[in-house]
Amino acid sequence: MTNSAPALSLRAPATRARHVLMERYASLAMMVALIVAIWYIAAIALNWTLVRDGFEREETPYTLSDVLAGTMDAERPLLPAPHQLAAAVYDSVFGYPPLAPRSLVYHALVTLSATLLGFLIGSLFGIALALMIVHSRVLERSLLPWIICSQMVPVLALAPIFIVMLGALGLHGLLPKSIISAYLCFFPVTIGMVKGFTSPDPLQIELMRTWSATPRQVLWKLRWPAAVPYLFASLKVAISISLVGAIVAELPTGAEAGIGARLLAGSYYGRTIQLWSALVVAAVLASGLIAITALVEGGVLRRMGAH
Amino acid sequence: MEPRRLRLGFLLAAAAMVLALLLPSAPGALPLSARPYVWEMSTAACLLCLVAAWRADLRAAVVGLPASVLAAAVSLLVLDDPMVAGAAGPGFWLIVIASWLSAGLCVATLASLRQVRRNRQRAIDLLVPLLFGATVFYLWEVGVRGLGVPPVLLPAPSAAAARFMSSLPTLGIDFVQTFVRGVLIGYVIGCGAGLLVAILAHRYQFLSRGLLPLGNFFAALPLVGIAPIMVMWFGFDWPSKAAVVVLVTFFPMLVNAIAGLSAAGDSERDLMRSYGASHRQSLTKLHLPAALPFIFNALKINATLALIGAIVAEFFGTPTQGIGFRISTEAGRMAIDMVWAEIALAALAGMAFYGVVALAERATTFWHPSYRT
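Chains as they are written, first to last, in the working numbering: chain W, 1021 to 1327; chain L, 417 to 789.
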């Protein structure tokens, strides 16, 4: 049904041969340009009254162009203009030594370490859980429904409690955040891996049985290789929510360092530019982590003989 | 479950009950045999375990279940004694082990059961996880009260449930503030906007080529971080929470709906074209129905995301109500039982929300292969 051979080509084929790059990126570039343009307009509109009130409070004469220029570099804008934000990000990333507490690199590293540790714990736990579920019918039927239910619970609501509980047990800093990350990211790994481990054909499993393979051999020679594509698909989801978990776990803890702490401080003291640059760094971190996972995926799948 | 292992397990449970009758439940506490009702119940549990061990097949589950319930009741009755609570000795833990062992064996036996009749199978599929969950809650309750874990650290589920029942009006206010105002409004707007933009992108391929990579990029971003900015823009009340929910739910819906709208097969499209269907007709009669599984997938993902987004947004500032507000203030006041009651509320709301979406999915995509078993 899915092959396109019998499709009727009633529409005339495109006469102008377009450049491939054009075809692919023109739309994307236009969208990005559109977003930046809207951003500038929104910055002017949102900051307008703020800047005008500032001028009126100081009772200095002003012209329209003064206000317009003011919206572009207000000190505490409602929405910083893109170039202002870019300058702030550049300044806080390269303007300080990387481990100074004012440097965003330092905060990003704090959050990144919690993210990676949580990701590691969560994915190992998720894989182990999937292995147990695949090999035990009892667990599949008693545990799996609860795992699914646990994800309908807004897990992040648990974050403050975890911090209080673990703090009372004498755990501070990295580990409580990682545990919240791990709790968030084990689920997609478990579900993906259960699917992956059960993805081989019944025929292939029967073939393993005719060779009288032990369950361990079936796992390593059939189930595990078959599950690798599923593993990477779920790891990509897991790492991005692991980052969300780490950031949110920094909110109620009163942490001094980390992107979440930066967000909270920025929101309390009204330092909007700091808030926005923390968000930009979080976005860069998220896309970088996903890109790395995708690269590893490509390498592994090529080694395994995928095209 | 092998009969030999089943028999061994139930014999162990019976032995644990016998030992529990002999050993003291706590230093200085009355022995089980001197308590009214308790020693009759423990003897009955022990005998039932022996019967289960003798049968060691399906009937063992029928006998083992009341045995485990009896043992659980005994342990809870003994816990009411202030001598035992917080200082439980080996005699007490043996009762818990007996109850846990026989419950676990029953779950294992029931789970390996295959019924031909669909209704019975469905009942068992429901019963097994419920039993498992009940066991977990029982162990939590007994562990917390028996070990005397301070309630600041982890309250017993019964304490959280009592708090839940006694503060229903507060919970109701929080529910309306967070769920009805923040989540539902934001969810409807976010998902609706995502679907509309996806339909536009489906109409104009040029848009879709740019929107798809952007949507994928934004869907992977930690968008809840935008919450403080939304609070700054829209104020402390529910509009800021709804705005966060709109942003968080928009992109998953956009990406999934774009994928779903191009999911219809080529021959179906050709059929629509040969009927001379207009764009609107082929959209409503072919593409939207074919996209429904994808749309519901996004709706389900968004149901959880929306609740998380609203609660996190409340950490950044709220009027004095709302689930997130209550969680952070009560955690600061060390009233952990109230925090757990709020979490139970959020969990119930989340599950009910997800359940409604799943039911709607079953009602509208009954034709999909995954439901035609």
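Each residue gets a CB set at the ideal place from its N, CA and C atoms; glycine is no exception. Fair warning: this is a prediction, and the values are worked out from it, not measured in the lab.
I want to know whether the region 1295-1307 of chain W touches the region 630-639 of chain L - three or more CB-CB distances under 8 Å.
yes
Between which two residues does the alpha helix (DSSP H) containing L/H695 stretch?
What you label residue 695 of chain L is simply residue 279 of the second sequence in a count that begins at 1. Counting along the chain, the alpha helix (DSSP H) containing L/H695 begins and ends at 695-698.
Classify W/A1306 as helix, strand or coil using the three-state DSSP reduction.
Along the first sequence, read from residue 1 onward, the residue named residue 1306 of chain W stands at position 286. Reduced to three states, the DSSP call for W/A1306 is helix.
Answer with yes or no whether the minimum CB distance from W/A1032 to chain L is below 8 Å.
Here residue 1032 of chain W refers to the residue found at position 12 when the first sequence is read from its first residue. Here W/A1032 scores only 49 on pLDDT, less than 50, and its place in the model is too uncertain to base an answer on.
Anything in the region 1124-1147 of chain W with a Cβ closer than 9 Å to a Cβ of chain L? List those residues in chain order, please.
none
For L/F769, count the other beta carbons within 10 Å of its own beta carbon; 16 or more makes it buried, fewer makes it exposed. Which is it?
Taking the second sequence and counting its residues from 1, one reaches residue 769 of chain L at position 353. Counting Cβ neighbours within 10 Å, L/F769 comes out buried, since at least 16 surround it.
Mind checking the region 700-723 of chain L against chain W and listing, in chain order, the residues whose C-beta falls within less than 8 Å of any C-beta there?
A719, T720, L723
What does the alpha-carbon distance come out to for the pair L/A514 and L/A488?
Numbered from 1 along the second sequence, position 98 holds the residue referred to as residue 514 of chain L. Numbered from 1 along the second sequence, position 72 holds the residue referred to as residue 488 of chain L. Those two C-alpha atoms are separated by around 9 Å.
Can the beta-carbon of W/V1248 be found less than 8 Å from the beta-carbon of W/V1320?
As a working note, residue 1248 of chain W is residue 228 in the first sequence. As a working note, residue 1320 of chain W is residue 300 in the first sequence. For W/V1248 and W/V1320, yes; Cβs fall inside 8 Å.
Determine contact between the region 1130-1143 of chain W and the region 1192-1209 of chain W, defined as no fewer than three beta-carbon pairs at a distance below 8 Å.
yes
Anything in chain L within Cβ reach of W/V1158, meaning under 7 Å, just list it in chain order.
Reading the first sequence from its first residue, position 138 is the one you call residue 1158 of chain W. Ordered by position in chain L, the residues that pass the 7 Å Cβ test against W/V1158 are V523, A524, A527, S528.
I'd like to check one pair, L/A476 with L/T525: are the Cβ atoms closer than 8 Å?
Walking along the second sequence from the start, residue 525 of chain L turns up at place 109. Walking along the second sequence from the start, residue 476 of chain L turns up at place 60. A contact, by the Cβ cut-off of 8 Å.
Pick helix, strand or coil for L/P567, following the three-state DSSP scheme.
Counting from 1 along the second sequence, the entry for residue 567 of chain L is found at position 151. Here L/P567 sits in coil by DSSP.
Mind reading off the beta-carbon distance from L/L708 to L/T780? Whole number of angstroms is fine, and I expect it under 8 Å.
Mapped onto the second sequence, residue 708 of chain L falls at position 292. Mapped onto the second sequence, residue 780 of chain L falls at position 364. L/T780 and L/L708 do touch by the CB rule: their CB atoms are close to 6 Å apart, below 8 Å.
Taking 8 Å as the CB-CB cut-off, is L/V592 touching chain W?
Locating residue 592 of chain L in the second sequence gives position 176, counting from the first residue. Taking Cβ atoms only, chain W never reaches closer than 8 Å to L/V592, which makes this a no.
Apply the 10 Å Cβ neighbour rule to W/F1206 and answer buried if 16 or more other Cβ atoms are within range, or exposed otherwise.
Taking the first residue of the first sequence as 1, we reach residue 1206 of chain W at position 186. Burial call: buried.
Cβ atoms of L/D497 and L/A572: under 8 Å apart, would you say?
Taking the first residue of the second sequence as position 1, residue 572 of chain L is located at position 156. Taking the first residue of the second sequence as position 1, residue 497 of chain L is located at position 81. Cβ atoms of L/A572 and L/D497: not closer than 8 Å.
Note down, in chain order, each residue of its chain lying with its Cβ closer than 6 Å to the Cβ of W/I1293, except the 5 sequence neighbours on either side.
For this step, residue 1293 of chain W is matched to residue 273 along the first sequence. Cβ neighbours of W/I1293 beyond the five flanking positions: P1100, A1108.
Buried or exposed for W/K1241, going by 16 or more other Cβ atoms inside 10 Å?
Counting from one through the first sequence, the residue named residue 1241 of chain W turns up at place 221. Exposed, by the Cβ-count rule.
Answer yes or no: does any C-beta atom of chain W fall closer than 8 Å to that of L/V532?
To locate residue 532 of chain L, count along the second sequence from 1; it is residue 116. For L/V532, the answer is no, since every Cβ of chain W falls outside 8 Å of its Cβ.
For the alpha helix (DSSP H) containing L/A461, list its first residue and its last residue.
The residue given as residue 461 of chain L occupies position 45 in the second sequence. Its alpha helix (DSSP H) spans residues 454-471.
Return the residue from the list W/Y1116, W/A1106, W/M1051, W/L1136 that minimises the CA-CA distance to W/L1255.
As a working mapping, residue 1255 of chain W is identified with position 235 in the first sequence. Nearest option by C-alpha distance: W/L1136.
Beta-carbon separation of L/L464 and L/L486 under 8 Å?
As a working mapping, residue 464 of chain L is identified with position 48 in the second sequence. As a working mapping, residue 486 of chain L is identified with position 70 in the second sequence. Against a cut-off of 8 Å, the Cβ pair of L/L486 and L/L464 comes out as a contact.
Between L/R742, L/A442, L/T586, which has its C-alpha nearest L/L563's C-alpha?
Residue mapping note: residue 563 of chain L aligns to position 147 of the second sequence, counting from 1. When only C-alpha atoms are compared, the closest one is L/A442.
As a quick exercise: from L/N713, L/S491, L/A609, pick the residue whose alpha carbon is nearest that of L/L775.
Mapped onto the second sequence, residue 775 of chain L falls at position 359. It is L/N713 whose Cα lies nearest to the Cα of L/L775.
What does L/G425 reach in chain W if we use C-beta pairs closer than 8 Å?
Locating residue 425 of chain L in the second sequence gives position 9, counting from the first residue. In chain order: nothing, as chain W lies at least about 13 Å away.
Using the Cα positions of W/F1252 and W/L1132, report the straight-line distance between them to the nearest angstrom.
Counted from its first residue, the first sequence places residue 1252 of chain W at position 232. Counted from its first residue, the first sequence places residue 1132 of chain W at position 112. In a straight line, the C-alpha of W/F1252 is about 20 Å away from that of W/L1132.
Of all the options L/M648, L/I739, L/H784, which has the alpha carbon lying nearest to the alpha carbon of W/Y1288?
Against the first sequence, residue 1288 of chain W aligns to sequence position 268. Ranking the options by Cα distance to W/Y1288, first place goes to L/M648.
Report the residue from L/L721, L/L547, L/F732, L/H784 whose alpha carbon sits nearest the alpha carbon of W/V1264.
Residue 1264 of chain W sits at position 244 when you count from the first residue of the first sequence. Cα-wise, what sits closest to W/V1264 is L/L721.
In the structure shown, what three-state DSSP assignment does W/V1173 receive?
Within the first sequence, the letter at position 153 stands for residue 1173 of chain W. In the structure shown, W/V1173 sits in coil (DSSP, three-state: anything other than H, G, I, E or B).
Can you find a C-beta in chain W that's less than 8 Å from the C-beta of L/P629?
What you label residue 629 of chain L is simply residue 213 of the second sequence in a count that begins at 1. For L/P629, the answer is yes, since a Cβ of chain W falls inside 8 Å of its Cβ.
Starting from the Cα of W/T1069, find the closest Cα among W/V1056, W/D1086, W/G1193, W/I1058 and give me that residue.
Translated into the one-based positions of the first sequence, residue 1069 of chain W becomes position 49. Ranking the options by Cα distance to W/T1069, first place goes to W/D1086.
Whose C-beta lies closer than 6 Å to the C-beta of W/S1112 among residues of the same chain, with five residues either side of it excluded?
Taking the first sequence and counting its residues from 1, one reaches residue 1112 of chain W at position 92. Closer than 6 Å at Cβ, skipping near neighbours: L1124, S1297.
For chain L, check one thing: does any of its Cβ atoms lie closer than 8 Å to the Cβ of W/I1058?
Here residue 1058 of chain W refers to the residue found at position 38 of the first sequence. No, no contact with chain L.
Could you work out which residue in W/R1044, W/V1052, W/M1042 is closest to L/L630 when comparing CA atoms only?
Counting from one through the second sequence, the residue named residue 630 of chain L turns up at place 214. Taking only the C-alpha atoms, the option nearest L/L630 is W/V1052.
Within the 8 Å Cβ cut-off, does W/V1113 reach chain L?
Stepping through the first sequence from its first residue, residue 1113 of chain W is reached at position 93. So, not an interface residue.
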